[in-house]
Amino acid sequence: MSLKFNVLLSLIVVVMLAGAALGQTPQPAPQTAAPTGPLLKSNPKISQPDFDAANAEMLLSGGEKAELIYAARIDAVTRGAYDSLIVIYGKPAKSGKDLFAFIVREGQKSPLILDKKDKLGRAFNTGDKFLQIGLRHEEGKSPLLRLMAETVDKEKGRQRRNLDFQFNGTEFVQIGQSLMPLPK
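Every letter in the sequence shown is one number past the one before it in numbering that gives the first Met the number 0, and letter 136, counting from 1, is 135.
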């Protein structure tokens with residue numbers, strides 16, 4: 000009888016312990032921050048401070064309807080001195096988007112403008128689609144900064160518009176532009 004009693008008592012203790020364990024609320028698993036994607040699709044390597052600065056400058060220049068297209072920390076004045084932040088943003092227009100671009104360096108904002116006669120100061124024609132930027136460093140000169148966008152010519156079809164800018168000591172001036180056919 001004592002053996003049956005011990006087994007029964009052990010079984011009751013196990014059931015009570017299991018019930019107590021089930022009745023307790025489990026400790027929540029430690030929460031980890033959800034992985035975030037790139038801050039900017041066109042430049043996934045941009046740092047958070049540069050992204051925030053680009054957004055702030057874009058909002059100042061373009062207002063609430065502006066959309067950040069591209070931003071990057073570049074060495075647009077002196078090779079190896081990444082002291083320039085390029086910002087490219089778009090604003091809705093009647094036919095597509097108007098694209099604007101500028102360089103922020105040492106608190107100064109230098110616009111990159113396709114045509115000085117354009118009162119809006121657009122970097123490309125309305126409807127052009129930004130592709131990328133390029134930098135070419137030359138010995139003894141400021142680097143050549145190239146903005147590239149896709150445009151559509153009625154006769155020639157899809158074209159790549161290249162705008163070349165260079166720092167002249169006080170501002171970025173356009174020194175050339177060209178159109179090249181895009182592969183079909």
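Just so you know, even glycine gets a beta-carbon here, dropped at the ideal spot from N, CA and C.
Classification of residue i by the beta-carbon crowding that lies within 10 angstroms, buried from 16 upward
i	result
P29	Only weak support exists for where P29 lies, its pLDDT of 47 falling under 50; the coordinates are left without a value.
R157	exposed
A71	buried
Residue i: first and last residue of the uninterrupted beta strand (DSSP E) it sits in
i	result
S109	107-110
S83	83-92
A100	95-104
Closest by C-alpha distance to residue i, when choosing among the options
i	options	result
E149	K140, L130, H136	L130
G89	A71, L38, K128	K128
G106	D117, F99, S83	S83
I132	L38, I73, P48	I73
G120	I87, K44, A52	I87
L58	K44, S94, F99, A92	F99
T64	Y81, P91, E137	According to the sequence provided, residue 64 is Lys. The question's Thr does not apply to it. Closest by alpha carbon: P91.
R78	A70, I102, P142	P142
R104	G126, R159, K93, V76	V76
S94	D114, V151, I102	V151
I112	E56, G168, G175	G175
Three-state secondary structure assigned by DSSP to residue i
i	result
E56	helix
F123	coil
G61	helix
P182	coil
D74	coil
D152	strand
D216	A question about residue 216 goes unanswered here, because the residues of the chain that appear run from 0 up to 183.
G168	coil
T35	Bear in mind that a pLDDT of 45 at T35, under 50, signals an unreliable position, so the number given afterwards is only what the model happens to contain. In the structure shown, T35 sits in coil (DSSP, three-state: anything other than H, G, I, E or B).
Residues that DSSP places opposite residue i in a beta bridge
i	result
D163	R145, G175
S41	In the DSSP output, where bridge partners are listed per residue, S41 has none listed.
E138	For E138, which the question treats as bridged, DSSP gives no partner whatsoever.
L67	Y88
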